[in-house]
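Down below is the structure, laid out as structure tokens.
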Amino acid sequence: MPKYVKTASLLLLIAVAGCTPQTPYERYKSGTPLRSFPYKTGANAASSNRAITDCEVTAAQRVPQQLVIQTTPTYVTPTQTQCNRYGTQTFCNTTGGQVMGGETYSRDANAGLRSRVYGQCMADKGYTFVDIPACPQGTPLMGSFAEAKLRPLSRNTCYLVTPNGTMAVGNLGT
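If you want it as structure tokens, here you go:
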């Protein structure tokens with residue numbers, strides 16, 4: 031196999047690998063905050079999961095999916111003909127005339143409203159959605175992180191994820 035083919039194959043493999051979604055552990059290691067985490071002081075994993083499921087079902091029942099089919103605008107690029115004369119012959123080249131757009135797609139017109147109903151349901155159950163920063167690398171899974179219930183939210187609240195995917199939210203220094 032020629033060297034340039036091997037190099038191109040390696041670059042393609044690296045590019046494709048860069049497109050794969052990050053695991054929770056990789057996001058934690060990169061310092062990415064935990065976005066829109068449903069937080070309720072005193073809640074444990076089981077009660078939080080139950081509230082999330084209940085509110086997802088409630089929102090889906092109250093605001094059903096409404097698929098709308100739409101098409102992007104269509105336009106044709108302007109055509110232009112350019113002719114050149116070489117001796118007794120004339121050569122013409124026409125460019126343009128390509129049809130652009132016109133793609134058909136579907137979207138859920140009720141997705142935004144359903145999301146708001148879900149948020150209201152969670153708020154009615156005492157949850158707030160917060161962004162939680164990643165804990166410093168090497169934070170041990172002990173103290174408030176080993177507790178089953180969430181402590182009050184503070185400036186020291188952060189999250190960690192172990193290599194096997196276990197996630198914990200707690201307060202540093204406690």
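Numbered per our numbering, the sequence shown finishes at 204, counting up by one with no gaps.
No residue lacks a Cβ here, since even glycine has one placed at the ideal position from N, Cα and C.
Remark: C-beta atoms of residue 155 and residue 72 do not approach each other more closely than 8 Å.
Judged by DSSP in its simplified three-state form, residue 55 adopts helix.
According to DSSP, residue 200 shares a beta bridge with 188. The region 81-88 makes no contact with the region 97-112; the number of CB pairs closer than 8 Å stays below 3. Your pair residue 89 and residue 147 checks out as a contact, with CB atoms roughly 4 Å apart and the cut at 8 Å. The shortest CA-to-CA distance from residue 183 to any of 158, 193, 197 is the one to 158.
Note that the C-beta distance between residue 199 and residue 162 is below 8 Å. Following the DSSP letters along the chain, one finds residue 123 inside the beta strand (DSSP E) bounded by residues 119-125.
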